[in-house]
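Read the structure below first, then the notes.
Encoded structure:
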């Protein structure tokens, strides 16, 4: 397996001179909660990135806090699309350039709109995947906004 300390994404952040902290974990995890615990952070700091597609084949990346769920209807409304659904897991790597569970809202293989829920901005630091399952990246919300230029909109599913 590749080195979790050096990925295309960490090299990109270094080139952009963006301060970040690499959050390594010792063993693989299966859930957001397990991953947050392994990395010493809260689930709400994690940027959960969900790939959606509308009926016309347009993709969008919806980003919400790790302890929340995306509401595709809200994303559809923001993008004025018709019906949006989650992309099948087997299609995620080809479309994003990332393996399932490591999708970050930066350096996507396919250009697409990114919609980010503003609840993520309530944190001093947010974490995105490094592109490697054994490491995350902590950075400021302002840095993330500057790099990925998302549309900000409330897209979390109502509880």
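Numbering (full-length UniProt numbering), first residue to last: 1 to 159.
Each residue gets a CB set at the ideal place from its N, CA and C atoms; glycine is no exception.
Taking a contact to mean a Cβ-Cβ separation below 8 Å, would you say residue i touches residue j in this structure?
i, j, result
"residue 154", "residue 105", "no"
"residue 80", "residue 51", "no"
"residue 19", "residue 133", "no"
"residue 161", "residue 129", "In the structure as shown, the chain begins at 1 and stops at 159. Residue 161 is therefore absent and cannot be evaluated."
"residue 115", "residue 60", "yes"
"residue 39", "residue 127", "yes"
"residue 125", "residue 45", "yes"
"residue 131", "residue 31", "no"
Count the other CB atoms, across all protein chains shown, that sit within 10 Å of the CB of residue i; report buried if there are 16 or more and exposed otherwise.
i, result
"residue 150", "buried"
"residue 57", "exposed"
"residue 118", "exposed"
"residue 146", "exposed"
"residue 66", "buried"
"residue 17", "exposed"
Check the C-beta distance from residue i over to residue j and give it rounded, since I have them as a contact under 8 Å.
i, j, result
"residue 156", "residue 64", "5 Å"
"residue 22", "residue 35", "At roughly 14 Å, the Cβ-Cβ gap does not stay under 8 Å, so residue 22 and residue 35 are not in contact."
"residue 78", "residue 89", "Their Cβ separation, rounded to whole angstroms, is 24 Å, which puts residue 78 and residue 89 out of contact at 8 Å."
Taking the C-alpha atoms as reference points, what is the distance between residue i and residue j?
i, j, result
"residue 43", "residue 75", "21 Å"
"residue 120", "residue 111", "22 Å"
"residue 82", "residue 55", "6 Å"
"residue 148", "residue 139", "13 Å"
"residue 13", "residue 107", "11 Å"
"residue 94", "residue 159", "32 Å"
"residue 24", "residue 5", "8 Å"
"residue 71", "residue 109", "24 Å"
"residue 141", "residue 62", "16 Å"
"residue 84", "residue 47", "20 Å"
"residue 191", "residue 33", "Given that the chain is displayed from residue 1 to residue 159, the structure contains no residue 191 and the question cannot be resolved."
Per DSSP, which residues does residue i bridge with? Please list them.
i, result
"residue 59", "53"
"residue 22", "137"
"residue 127", "46 and 138"
"residue 114", "61"
Mind checking if residue i is an interface residue toward chain C, Cβ cutoff 8 Å exclusive?
i, result
"residue 141", "The chain labelled as chain C is not found in the depicted structure, where only one protein chain is given."
Does the distance between the C-beta of residue i and the nearest non-hydrogen atom of the ligand SAM fall short of 7 Å?
i, result
"residue 140", "The ligand SAM is not among the ligands present in this structure, which contains no ligands whatsoever."
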